[in-house]
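If you're matching them up, the sequences are chains A and B in order.
Per my numbering, the first sequence starts with residue 251, numbered consecutively.
Per my numbering, the second sequence starts with residue 251, numbered consecutively.
Every residue, glycine too, gets a C-beta built ideally from N, C-alpha and C.
A quick note: this is a predicted structure, and the numbers were derived from the prediction, not measured.
2 protein chains.
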Amino acid sequence: MAGSPYSIAATGGGVAAPEGFTSAARHCGIKASALDLALLAADAPAAAAGIFTQNFVKAAPVLLDQAHLAATGGRVRAIVVNSGCANACTGDQGTADAAEMAALTGAALGCPAEQVMVCSTGVIGVNLKMDALRTGIPVAAKTLARGQGLEAAKAIMTTDRGPKEHAVVVTTPAGRFTVGGMAKGAGMIEPNMATMLGFLTTDAAVEPALLRRVLVDVARESFNAITIDGDTSTNDSLFVLASGRSGVTIDEASAEALRAGLKEVALELAMAIVRGGEGVTKVVGVRVHGGATEPAARQVARTIANSLLVKTAIHGADPNWGRILAAAGRAGVPFNPREATVHVGDILLFENGLPHDDKAPLAAEYLKGDTIHITVRLGSGTEEVTVWTCDLSAEYVRINGEYRT
Amino acid sequence: MAGSPYSIAATGGGVAAPEGFTSAARHCGIKASALDLALLAADAPAAAAGIFTQNFVKAAPVLLDQAHLAATGGRVRAIVVNSGCANACTGDQGTADAAEMAALTGAALGCPAEQVMVCSTGVIGVNLKMDALRTGIPVAAKTLARGQGLEAAKAIMTTDRGPKEHAVVVTTPAGRFTVGGMAKGAGMIEPNMATMLGFLTTDAAVEPALLRRVLVDVARESFNAITIDGDTSTNDSLFVLASGRSGVTIDEASAEALRAGLKEVALELAMAIVRGGEGVTKVVGVRVHGGATEPAARQVARTIANSLLVKTAIHGADPNWGRILAAAGRAGVPFNPREATVHVGDILLFENGLPHDDKAPLAAEYLKGDTIHITVRLGSGTEEVTVWTCDLSAEYVRINGEYRT
Numbered sequence: 251m252a253g254s255p256y257s258i259a260a261t262g263g264g265v266a267a268p269e270g271f272t273s274a275a276r277h278c279g280i281k282a283s284a285l286d287l288a289l290l291a292a293d294a295p296a297a298a299a300g301i302f303t304q305n306f307v308k309a310a311p312v313l314l315d316q317a318h319l320a321a322t323g324g325r326v327r328a329i330v331v332n333s334g335c336a337n338a339c340t341g342d343q344g345t346a347d348a349a350e351m352a353a354l355t356g357a358a359l360g361c362p363a364e365q366v367m368v369c370s371t372g373v374i375g376v377n378l379k380m381d382a383l384r385t386g387i388p389v390a391a392k393t394l395a396r397g398q399g400l401e402a403a404k405a406i407m408t409t410d411r412g413p414k415e416h417a418v419v420v421t422t423p424a425g426r427f428t429v430g431g432m433a434k435g436a437g438m439i440e441p442n443m444a445t446m447l448g449f450l451t452t453d454a455a456v457e458p459a460l461l462r463r464v465l466v467d468v469a470r471e472s473f474n475a476i477t478i479d480g481d482t483s484t485n486d487s488l489f490v491l492a493s494g495r496s497g498v499t500i501d502e503a504s505a506e507a508l509r510a511g512l513k514e515v516a517l518e519l520a521m522a523i524v525r526g527g528e529g530v531t532k533v534v535g536v537r538v539h540g541g542a543t544e545p546a547a548r549q550v551a552r553t554i555a556n557s558l559l560v561k562t563a564i565h566g567a568d569p570n571w572g573r574i575l576a577a578a579g580r581a582g583v584p585f586n587p588r589e590a591t592v593h594v595g596d597i598l599l600f601e602n603g604l605p606h607d608d609k610a611p612l613a614a615e616y617l618k619g620d621t622i623h624i625t626v627r628l629g630s631g632t633e634e635v636t637v638w639t640c641d642l643s644a645e646y647v648r649i650n651g652e653y654r655t
Numbered sequence: 251m252a253g254s255p256y257s258i259a260a261t262g263g264g265v266a267a268p269e270g271f272t273s274a275a276r277h278c279g280i281k282a283s284a285l286d287l288a289l290l291a292a293d294a295p296a297a298a299a300g301i302f303t304q305n306f307v308k309a310a311p312v313l314l315d316q317a318h319l320a321a322t323g324g325r326v327r328a329i330v331v332n333s334g335c336a337n338a339c340t341g342d343q344g345t346a347d348a349a350e351m352a353a354l355t356g357a358a359l360g361c362p363a364e365q366v367m368v369c370s371t372g373v374i375g376v377n378l379k380m381d382a383l384r385t386g387i388p389v390a391a392k393t394l395a396r397g398q399g400l401e402a403a404k405a406i407m408t409t410d411r412g413p414k415e416h417a418v419v420v421t422t423p424a425g426r427f428t429v430g431g432m433a434k435g436a437g438m439i440e441p442n443m444a445t446m447l448g449f450l451t452t453d454a455a456v457e458p459a460l461l462r463r464v465l466v467d468v469a470r471e472s473f474n475a476i477t478i479d480g481d482t483s484t485n486d487s488l489f490v491l492a493s494g495r496s497g498v499t500i501d502e503a504s505a506e507a508l509r510a511g512l513k514e515v516a517l518e519l520a521m522a523i524v525r526g527g528e529g530v531t532k533v534v535g536v537r538v539h540g541g542a543t544e545p546a547a548r549q550v551a552r553t554i555a556n557s558l559l560v561k562t563a564i565h566g567a568d569p570n571w572g573r574i575l576a577a578a579g580r581a582g583v584p585f586n587p588r589e590a591t592v593h594v595g596d597i598l599l600f601e602n603g604l605p606h607d608d609k610a611p612l613a614a615e616y617l618k619g620d621t622i623h624i625t626v627r628l629g630s631g632t633e634e635v636t637v638w639t640c641d642l643s644a645e646y647v648r649i650n651g652e653y654r655t
């Protein structure tokens, strides 16, 4: 990063690595045995922003959080998360339960319920066991501490193979600040239990409006740049809290350092979600360049990334440029196939409207790896986008077909 | 059909069942051994219409056919089809080869090349064996006859399990006419070899402009209402030819009888394509009603039909209303989940924002069948759409992953 006004280095810990945050994790009784309650608290109300599922079927906590962020103008004292039950498709009872989770947390911490974000992840169509939460939340609040972020990352898991956390230190001319985070999600592998939740924290000082703009940028290149099967859940949420405790203030001029730090953590967590999907044997980066606009390039990249035929071909290490090109062609974005190129790794398979089939054996060998790069040039402009996905295995089908509601 | 101004009855044969059409089939040498060349001829130039792939990567014959239909104003004497090679992504040589196929057919039949439609299906990125066609087309033209439509239906196959043909007689107050057809396609199971081609014929008399409008309507409810995996190929084409030889003239007032006859044949062929897909164990009709607009209802139906999670759940006989509702919710069409209902068969699984999980065992039993109906009410209007798809099996992944280019 020579010549750059900031540098980034990995550090230990996760969501409670930045100054001003504590966390706790409990087994309160929603799941049969595992950790099922996580609490993340800021020492004082933190600047906050959230991004939520675009699905028109939104779970009760999502609607509550949107209302709370609007009411406080983006000031959050705590986030309470339960796993094992999504509190989605639960009607008026679900709305009341989400509100009670916020009230319980607010009472335990001595802050207004409006300063509490609520997240639930797990089975949908089932009501929360509120008795478990009425007992568990106050206990969790009493055990808040630094250094136990990993336990919180475990408590938010559903079908995840393991906890996902990451943290970095960003050094700028104005000083250092830390960014941490945790996430859960394993594609939509078992969608009744597989919301994507992401929690980012920083001890930089930043106003909520700028924080929100930065979060939207970061999400576009991390959590919103991954696609397992094109499905999105009722509960998907991403939050960022900024405590300001590092003493480093971020403004428009220095926002790039914060954006880069958050992106580093968010992309690491997002890639862990892709790699952790059941049945996943390969992670696939689909880069589309030469797009007339960024949305056009993104649409092509997403269509390729979600093509069953592309995903199964990659699983079988088949250098099938025809499937990649055909997926690009049906994305609804006009381009001239004679201007297009298709690369697998750095192996050129299609150019000037014609294949290079002599390169197929080389590409087949490359596709045996576990991280695959596909590149498509559209030849329509200068915009480029990268989207991350995974291969599609028979194991995926087995898991999703055998799961019973 | 009591009280209706027309009635429809199945009859034998396929594309050459209507008066005024003959067909031929040959093995000319593009494939190693099977039939690979089909010829469909009208005794005199027939009114014609065509619908082609929306993919921006279009094969050479598709571009040729579009130009020929425009040049003749929709008058076609013959359609020549080869299987085994798609003549797609073949550059200038491919363009020249498609033109030569039309010229060879025109010379053999004594008509302008512009009155010939050309179709190719098979491997992409490989040039046609023109020597085989230079010999085969004149021979095929000499063997044109009635009563051998089934052979033509076999000659257009690639990965299809079997030939697909159907024919009906439509009785109207003005007299009877016949509609026939053949098709090939097996989803995009092996997309380098799996174009969807459809050929409809009728001996009704109808002007090309009206015929085209009717074909668009028919395609919307048949070939364009099926979706295996959301992929569309470089070569997909659907044609209709009308010889007029029945003496029954179709105008705006009587167009419904023609539309119904063509739809009957087209839907039968389209369903055969769905059912014939490799790894398919169930055919699934997704009906969305209560849509604000037809495109909105269609978008929701297609999103449900293409959801991997819905398709794998159906494969495993899992009555997972949550996956269906979540897919509806991410289709980009606003609706109120509290107004929505989800049925599997006639079993109500979701209503008033809440599940009826007591019905799950009944629904699981229903899902063991091989034809499944899913119904989603949006509660936003009065428009409805049905889309047809199939389940997603581990077999699908195995076939598509093991295929090698």
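Beta-carbon neighbours of residue i, restricted to chain B and to distances below 9 angstroms
{"i": "LEU598(A)", "result": "Residues of chain B passing the Cβ test: none, with the nearest at roughly 14 angstroms."}
{"i": "GLY541(A)", "result": "None at all; the shortest Cβ gap to chain B is about 13 angstroms."}
{"i": "THR639(A)", "result": "Simply none; closest approach about 12 angstroms."}
Chain-order list of residues whose beta-carbon lies under 7 angstroms from that of residue i (same chain, five-residue window excluded)
{"i": "CYS210(B)", "result": "Missing from the structure shown is residue 210(B); chain B here goes from 251 to 655 and no further."}
{"i": "THR562(B)", "result": "LEU642"}
{"i": "LEU231(A)", "result": "Nothing about residue 231(A) can be reported from this structure: the residues present for chain A run from 251 to 655 only."}
{"i": "GLY253(B)", "result": "Any reading at GLY253(B) is ruled out, since the residue's pLDDT is 43, under 50, leaving its predicted position unreliable."}
{"i": "MET443(A)", "result": "Bear in mind that a pLDDT of 49 at MET443(A), under 50, signals an unreliable position, so the model cannot answer this."}
Pair within 8 angstroms by beta-carbon distance, residue i and residue j
{"i": "LYS434(A)", "j": "ASP410(A)", "result": "yes"}
{"i": "THR393(A)", "j": "SER333(A)", "result": "no"}
{"i": "SER273(B)", "j": "ALA266(B)", "result": "yes"}
{"i": "ASN337(B)", "j": "SER370(B)", "result": "yes"}
{"i": "ALA390(A)", "j": "GLY264(A)", "result": "no"}
{"i": "THR543(B)", "j": "ALA578(B)", "result": "no"}
{"i": "VAL538(A)", "j": "VAL550(A)", "result": "yes"}
{"i": "ALA492(A)", "j": "ALA455(A)", "result": "yes"}
{"i": "VAL534(B)", "j": "THR639(B)", "result": "yes"}
{"i": "VAL466(A)", "j": "ALA547(A)", "result": "no"}
Separation of residue j from residue i, as counted between CA atoms
{"i": "GLU601(B)", "j": "LYS618(A)", "result": "47 angstroms"}
{"i": "VAL418(B)", "j": "GLY566(A)", "result": "43 angstroms"}
{"i": "ASN586(A)", "j": "ARG580(A)", "result": "13 angstroms"}
{"i": "ASN377(B)", "j": "GLY572(A)", "result": "14 angstroms"}
{"i": "PRO255(B)", "j": "VAL637(A)", "result": "55 angstroms"}
{"i": "ALA297(B)", "j": "LEU461(B)", "result": "8 angstroms"}
{"i": "SER483(B)", "j": "GLU350(A)", "result": "52 angstroms"}
{"i": "VAL307(B)", "j": "PHE271(B)", "result": "32 angstroms"}
{"i": "GLU589(A)", "j": "GLY603(A)", "result": "7 angstroms"}
{"i": "GLU633(B)", "j": "PRO423(B)", "result": "31 angstroms"}
{"i": "SER630(A)", "j": "PRO584(A)", "result": "9 angstroms"}
{"i": "ILE280(A)", "j": "ASN474(B)", "result": "46 angstroms"}
{"i": "ASN305(A)", "j": "GLY582(B)", "result": "8 angstroms"}
Neighbour list for residue i in chain A, Cβ cutoff strictly below 7 angstroms
{"i": "VAL307(B)", "result": "LEU575, ALA576, GLY579 and PRO587"}
Contacts around residue i, its chain only, beta-carbon distance under 6 angstroms, and the 5 residues preceding and following it disregarded
{"i": "ALA328(B)", "result": "ALA291, THR355, LEU359 and VAL366"}
{"i": "ALA260(B)", "result": "VAL418"}
{"i": "VAL331(B)", "result": "ALA288, CYS369 and ILE406"}
{"i": "THR428(B)", "result": "ALA267, PRO268, VAL419 and ASP453"}
{"i": "GLU518(B)", "result": "HIS416"}
{"i": "LEU319(B)", "result": "GLY300"}
Cβ shell of residue i (< 8 angstroms), same chain only, five flanking positions each side left out
{"i": "LEU598(B)", "result": "THR591, VAL592, HIS606 and LYS609"}
{"i": "ALA275(B)", "result": "LEU285, LEU287, ALA288, LEU289, ALA390, GLN398, GLU401, ALA402, LYS404 and ALA405"}
Within chain B, the residues that residue i reaches when beta carbons sit closer than 8 angstroms
{"i": "PRO311(A)", "result": "Per Cβ cutoff of 8 angstroms: no residues; PRO311(A) is ~15 angstroms from chain B at best."}
Interface partners of residue i on chain A, CB under 8 angstroms
{"i": "LEU604(B)", "result": "CYS339, THR340, GLY341 and GLY375"}
{"i": "ASP584(B)", "result": "Rather than Asp, the amino acid found at residue 584(B) in this sequence is Pro. What PRO584(B) touches in chain A: PHE306."}
Partners in chain A for residue i, counting only beta-carbon separations shorter than 9 angstroms
{"i": "GLY372(B)", "result": "The contacting residues do not exist; GLY372(B) stays about 11 angstroms from chain A at best."}
Listed by chain order, chain B residues near residue i by CB distance under 7 angstroms
{"i": "THR482(A)", "result": "ARG580"}
{"i": "THR531(A)", "result": "What THR531(A) touches in chain B: nothing, since even the nearest Cβ is about 10 angstroms away."}
Note to self: Please identify, using Cβ separations under 9 angstroms, the residues of the stretch 280-305 of chain A that lie next to chain B, in order along the chain.
What the structure shows: Flagged, chain order: THR303, GLN304 and ASN305.
Next item on the list: Check each residue of the stretch 601-630 of chain A: if its Cβ is closer than 8 angstroms to any Cβ of chain B, include it; give the result in chain order.
Entry: Answer in chain order: ASN602, GLY603, LEU604, PRO605, ASP607, ALA610 and ALA614.
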